[in-house]
Structure formats: structure tokens, C-alpha cells
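Student:
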Amino acid sequence: PRTALFASAALSTLGILGGHFAGDFFLGVDILVTAMLVNFIIMACAVLRLPAHNPALARDVRVLRVRWAQVAVSVTALLGLGALLAVHSWRDLTATVPGWYARSTLVWLAVMAIGTVIYLRETRALAARGGDLRAITSVLPAE
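The number in my numbering is simply the position in the sequence shown, starting from 1, with 1 added.
1. Which runs of the beta strand (DSSP E) spanning at least 3 residues fall entirely within the region 33 to 104, listed in chain order?
2. Enumerated in chain order, which unbroken segments of the beta strand (DSSP E) with a length of 3 residues or greater are wholly contained in the region 7 to 34?
3. Am I right that Leu38 and Leu82 are in contact with their C-beta atoms under 8 angstroms? What's the rounded C-beta distance?
4. Taking the C-alpha atoms as reference points, what is the distance between Thr124 and His54?
5. Compute the beta-carbon to beta-carbon distance between Asp93 and Thr77, rounded to the nearest angstrom, for a pair I have assumed lies under 8 angstroms.
6. May I ask you to report which of helix, strand or coil DSSP gives Arg135?
7. Assuming Gly29 and Ile17 make a contact with CB atoms under 8 angstroms, what is their CB distance in whole Å?
Structure below.
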């Protein structure tokens, strides 16, 4: 956790400095909006996939217990959030900016690429130590 907190603080600081030096405070806000939209889209996909991926956890759902309601809300979220993300990204990618670093979509993609490399490295290291990621993540920790 310490490494993750330090890395998060360092990258956040770089993001703030980058926005300052680019002269665009709202670049950080746009990156946050992109990240939140994608995060909520992933959550909607997770609700759709949960019964097939983890039936035991799906049976313990306490909010919107009826499956058709879960599907309706998730599909509505996917359509609405997908449209918002498409418009947000299109406006970002077609705007006139001084350089690639001023495009929130590209900055977000770069950060996600770095995060993916770290994730893959760490999951391979876990597997090399004999850890089973599926077993670890299939059960929620106690509250």
C-alpha cells in the first residue's frame, strides 16, 4: 500500500504540474471526467457479467435484487455513459491544442498504458510466487 500511495501522490502531483505548465487547469478536470466515465462503464459491465463470473456473489446482491432491473439499469448506463464518453473524447480529440499533452483523452490513455504494464508485471510476479489471482479476487474480504 505504501508504494501505491506514493506512486499515486507522485503521479497526481505530476498531473497538477502538467496542467499548470500547460496553462490549462481544466485539463485535469477533463482527465478526471474521462476516468470516471470509463470507471462507471466498467461497473455497468460488471453488473451484467457478475452472475456468470461469480454466481455466489451475484446471489448476495442487496440492491436491485431482480435481475431484469439490474440488466435494465446497466444497459441504460452503458448507453448513456458510452454516449457521454464518445462526445467528450470526440470534442477533446478535435479541439485545437498546443500539443498532445493537452488532450485529456491521450493523457488518460498514456496513464492507463503505464498502469496496465505495472498490473501485468505484478500479476506475473504473483503467479511466479505461486499466487492465484482468480482465487484471491473471487471472494470479497470481510467488512
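Cβ coordinates follow ideal geometry from the N, Cα and C atoms, glycine included. Only a predicted model underlies this, so the values are computations on that prediction, with no experimental measurement involved.
Tutor: Here's the rundown:
1. none
2. none
3. Start at 1 with the first residue of the sequence shown, and residue 38 comes out as number 37. Start at 1 with the first residue of the sequence shown, and residue 82 comes out as number 81. Indeed, because the Cβ distance is near 5 angstroms, the residues count as touching under 8 angstroms.
4. As a position in the sequence shown, residue 124 is number 123, starting the count at 1. As a position in the sequence shown, residue 54 is number 53, starting the count at 1. Taking the straight line from one Cα to the other gives about 19 angstroms.
5. For the purposes of this step, residue 93 is identified with residue 92 of the sequence shown, where counting begins at 1. For the purposes of this step, residue 77 is identified with residue 76 of the sequence shown, where counting begins at 1. Not a contact, Cβ separation roughly 24 angstroms.
6. Walking along the sequence shown from the start, residue 135 turns up at place 134. Looking at Arg135 - three-state DSSP - the assignment turns out to be helix.
7. Reading the sequence shown from its first residue, position 28 is the one you call residue 29. Reading the sequence shown from its first residue, position 16 is the one you call residue 17. The Cβ separation is near 7 angstroms, so the contact holds.
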